[in-house]
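Listed in order, the protein sequences are those of chains U and V.
Add 167 to a position in the first sequence, counting from 1, and you land on the number used in this note's numbering.
Add 684 to a position in the second sequence, counting from 1, and you land on the number used in this note's numbering.
Heads up, the beta-carbon is just placed ideally off N, CA and C, and yes, glycines get one too.
Notes for the one structure printed next.
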Amino acid sequence: MSVHEQFADDLSLYAMGALAGEERRALEEHLKQCSACRQELDKLRGDVALLALSVSGPKPPERSRERLMAAIKKEPRRIEPAPAARRPWWRPLEWALAGAAVIVVMLLARQNGDLQRTVSNLSAAISGQQQQLAQAQQQLAQAQQLVTSLASPDSEHFTLIASNTPPQPQGKAIYSRKTGTLVFIADNMPKLPPQKAYELWLIPQSGAPIPAGVFKPDARGSATVVEPTLPSGVEAKTFAITVEPEEGSPAPTSKPLMVGVQS
Amino acid sequence: MLLSAIRSGDEQAMAELYGRYSGFVYAVALRVLGDTGIAEDILQEVFMKLWRNPEVFDENRGSLAGWLAVITRNRAIDALRKRRPESDIDDVVVSIEPDMVRGADWGRTLEKIRTTLSGMPAVQRSALELAFFEGLTHTEIADKTGEPLGTIKTRIRSGLTMLRKVLTTEG
Chain U
168 MSVHEQFADD LSLYAMGALA GEERRALEEH LKQCSACRQE LDKLRGDVAL
218 LALSVSGPKP PERSRERLMA AIKKEPRRIE PAPAARRPWW RPLEWALAGA
268 AVIVVMLLAR QNGDLQRTVS NLSAAISGQQ QQLAQAQQQL AQAQQLVTSL
318 ASPDSEHFTL IASNTPPQPQ GKAIYSRKTG TLVFIADNMP KLPPQKAYEL
368 WLIPQSGAPI PAGVFKPDAR GSATVVEPTL PSGVEAKTFA ITVEPEEGSP
418 APTSKPLMVG VQS
Chain V
685 MLLSAIRSGD EQAMAELYGR YSGFVYAVAL RVLGDTGIAE DILQEVFMKL
735 WRNPEVFDEN RGSLAGWLAV ITRNRAIDAL RKRRPESDID DVVVSIEPDM
785 VRGADWGRTL EKIRTTLSGM PAVQRSALEL AFFEGLTHTE IADKTGEPLG
835 TIKTRIRSGL TMLRKVLTTE G
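Structure, rendered in structure tokens:
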């Protein structure tokens with residue numbers, strides 16, 4: 168394996184967590200592109216771990232084991248995804264409403280355009296069409312208002328989960344294959360390191376993941392991605408989220424943090 | 685095996701994992717922090733992290749003992765410096781080949797690591813320890829010891845190379 172010699176010293180420091188500032192940024196930039204250096208980094212971390220493993224000291228007190236086992240009992244692991252019956256019924260409804268509102272806006276916007284063309288071409292039928300147009304515009308305005316208020320900074324998001332469970336990151340993707348329309352809403356997303364963003368991926372039935380939008384959660388950990396540029400007609404197997412450089416990547420460079428389960 | 689049992693929510697498997705690894709997780713936290721109370725908190729935090737989200741560690745990509753060592757050290761340094769944990773810090777691959785931590789030879793390997801460390805020039809061992817156990821950056825180490833940055837870098841790199849030889853040379 169050929170590790171780039173100019174980075175060899177810094178790679179050791181980085182593995183120790185002792186590289187800072189500009190040198191750290193330059194190395195991280197290089198690591199994105201160099202798999203040989205990434206592999207060497209994993210090995211260097213192994214060397215560093217030997218330092219840790221060599222430490223000797225007193226055993227932890229027995230109360231530590233009791234404390235851990237008690238905490239585990241309080242947080243039984245869900246072996247399967249939570250059964251549907253236990254899911255709060257209003258949760259899918261809330262998502263569906265938000266998603267439906269956005270889709271209505273987009274469909275109406277298209278319909279609106281069609282109607283306007285028709286109006287100019289068919290002067291004979293103008294009055295009827297105008298009435299429809301006005302109606303469509305009114306619906307559009309209502310839907311837009313709904314979406315604006317849902318997306319506004321002062322709208323409050325409540326995520327309802329089983330009590331005793333710490334807030335978990337969650338995302339909901341509503342995807343229409345026919346139109347290539349996607350709405351994605353996320354909550355409780357962990358804070359990102361500097362210069363990083365989350366990237367949403369459409370995982371097709373076959374072929375490579377398709378980028379479906381880059382996003383950064385707000386201070387509350389919430390984020391939305393509305394109608395990213397997607398090819399239409401792609402059958403989605405699932406959606407996934409990875410951490411990427413903030414400008415986004417054409418293909419995932421880290422393992423997924425979240426992967427979708429179809430509901 | 686143990687990990688897949690933990691992934692399916694087996695509390696007994698977690699108890700076994702604790703039995704196997706709690707000693708050095710606690711020792712590392714205590715070495716960094718010098719405070720038994722906070723070291724116990726870190727111990728709890730590291731094992732709860734694995735219980736809540738066993739996927740943070742990918743057994744196909746690295747060694748569990750190594751991962752626990754690095755995560756524990758990072759958490760302990762965060763606690764020492766009263767920093768908020770960095771969110772991406774768990775996604776580390778720690779590759780130790782061969783993974784001797786569970787093997788019968790581990791006791792002997794441990795001896796060799798300690799011999800290698802105590803055989804290093806004091807300034808070199810000190811550079812490794814300042815970086816790893818005190819969480820100092822290379823510039824902070826250079827400031828503290830009054831030595832050039834380049835010297836510190838070289839010492840750390842060759843120190844790690846010496847440690848790697850412990851595993852790659854037999855005998």
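For the C-beta of S179(U), the chain V residues within less than 7 Å are, from N- to C-terminus, I840, R841, L844. Against M183(U), the close residues of chain V are L812, A815, F816, H822, I840, L844, in the order they occur along the chain (beta-carbon pairs closer than 9 Å). Contact annotation, G213(U) with S747(V): C-beta distance approximately 7 Å; criterion of less than 8 Å satisfied. Contact check between the segment 349-363 of chain U and the segment 378-389 of chain U: three or more CB pairs, one atom from each, fall below 8 Å, which counts as touching.
V850(V) places its beta carbon less than 8 Å from that of L217(U). The contact set of K199(U) on chain V, defined by CB atoms closer than 8 Å, is empty, because the minimum CB distance reaches about 14 Å. Between the segment 831-850 of chain V and the segment 177-192 of chain U, the count of C-beta pairs closer than 8 Å reaches three or more; the two stretches touch. Rounded to the nearest angstrom, the Cβ distance from G400(U) to V392(U) is 20 Å, too far for a contact under 8 Å.
Assignment of G791(V) by DSSP, reduced to helix, strand and coil, places it in the helix class. Judged by DSSP in its simplified three-state form, E831(V) adopts coil rather than helix or strand. In the three-state reduction of the DSSP assignment, M425(U) falls in the strand class, which pools E and B. Residues of chain U with a Cβ closer than 9 Å to the Cβ of N758(V) are, in chain order, G184.
The continuous stretches of beta strand (DSSP E) do not include K210(U), which lies in the alpha helix (DSSP H) extending over residues 202-220. By the rule that beta-carbons nearer than 8 Å mark a contact, R792(V) does not touch chain U. Separation of K733(V) and Q305(U) (C-alpha to C-alpha, rounded to the nearest whole angstrom) is 51 Å.
Contact note: L714(V) reaches chain U through V222, G224, P225, P227, using a C-beta cutoff of 9 Å and chain order. A contact between stretches requires three or more CB pairs, one per stretch, nearer than 8 Å, and the segment 217-229 of chain U meets this requirement with the segment 708-723 of chain V. In this structure E411(U) is buried. Its beta-carbon is surrounded by 16 or more other beta-carbon atoms within 10 angstroms. The alpha-carbon of S416(U) is positioned some 32 Å away from that of L687(V).
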